[in-house]
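Enquirer:
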Amino acid sequence: MADTSVKIDDVTRDRLKDLAASAGLSIKDYLARVAEEKEHERQLVTATAAFRRVMAEPGLLDRFDADFGGLPQAPAHATPRAA
């Protein structure tokens, strides 16, 4: 993959340089990591929104329990006890 340049002001460059150094990375590797993290954050926001839409659907949990039998009952011996 070819490298390219991005023009930024000196203050931002110095901030990125310090952040990269504290992470033990070059600025190039640090920015690649930041881009991956930001993509992951965006995916989580999208997934969270979809989950909230589905969970807001009336009767969803009842239908789930009907289709899958609900949560299993914990065995009596699985109750934690003091030693």
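The sequence shown begins at 9 in this note's numbering and counts up one residue at a time.
Even glycine gets a Cβ: it sits at the ideal position worked out from N, Cα and C.
Being a predicted model, the structure only gives us computed values, none of them experimental.
1) Helix, strand or coil: which one does DSSP assign to L79?
2) Looking at the structure shown, is L33 part of a helix, part of a strand, or coil, going by DSSP?
3) Does DSSP classify T12 as helix, strand or coil?
4) For I35, which residues of its own chain have a beta-carbon under 7 Å away from its beta-carbon, when the five flanking residues on both sides are left out?
5) Tell me whether A64 sits in a helix, a strand or coil according to DSSP, three-state version.
Expert: From the atom records:
1) The residue you call residue 79 lines up with position 71 of the sequence shown. The answer is coil: DSSP assigns L79 none of H, G, I, E or B.
2) Taking the sequence shown and counting its residues from 1, one reaches residue 33 at position 25. Coil at L33, not helix or strand.
3) As a position in the sequence shown, residue 12 is number 4, starting the count at 1. T12: coil per DSSP, three-state reduction.
4) Working through the sequence shown from its first residue, we reach residue 35 at position 27. Cβ within range, chain order: L24, K25 and A28.
5) Position 56 of the sequence shown, counting from 1, holds the residue named residue 64. In the structure shown, the three-state DSSP call for A64 is coil.
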